[in-house]
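Numbering (this note's numbering), first residue to last: 52 to 191. A virtual CB, placed ideally from N, CA and C, is assigned to each residue, including glycine.
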């Protein structure tokens, strides 16, 4: 168990690699029939580690094949242990919600700064927080 946690953290992060080969190899590892018993035995520990990066790969990876591999991996994980999968999904959703709330507070704070700057200098016309929001929220 102690060895599995750092290994699965690293493999999970590799699912997000820009290199299609690295990403594909990480999914091959996760779905290896010899690894599935470890995933089954320690699902309550490993699923929270795996879910976040694999879910992000399914949604945002540039390579369509990697997205498909991620979706297949999520499906198989849900079939292995539905209860652990549901808990890990809930943790992921709560983390995402918390991140969204934090960004909203951040954005509101900068909107107040912008309004103060705009009232002091009428040449300031707009602020675009969408680029920053997209960067922050894709790192969930």
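Check	Outcome
Whole-angstrom C-beta distance between residue 78 and residue 124, which should lie under 8 angstroms	6 angstroms
Reduced DSSP secondary structure (H/G/I, E/B, other) of residue 70	coil
Spatial distance of residue 105 from residue 157 (CA atoms)	27 angstroms
CB of residue 91 within 7 angstroms of CB of residue 131, strictly	yes
Option nearest residue 122 by Cα separation, candidates 81, 85, 151 and 160	81
Closest residue to residue 52 among 96, 66 and 76 (Cα-Cα distance)	96
Where residue 65 falls, given that 16 or more other Cβ within 10 Å makes a residue buried	buried
Among 118, 87 and 89, nearest to residue 68 - alpha-carbon criterion	118
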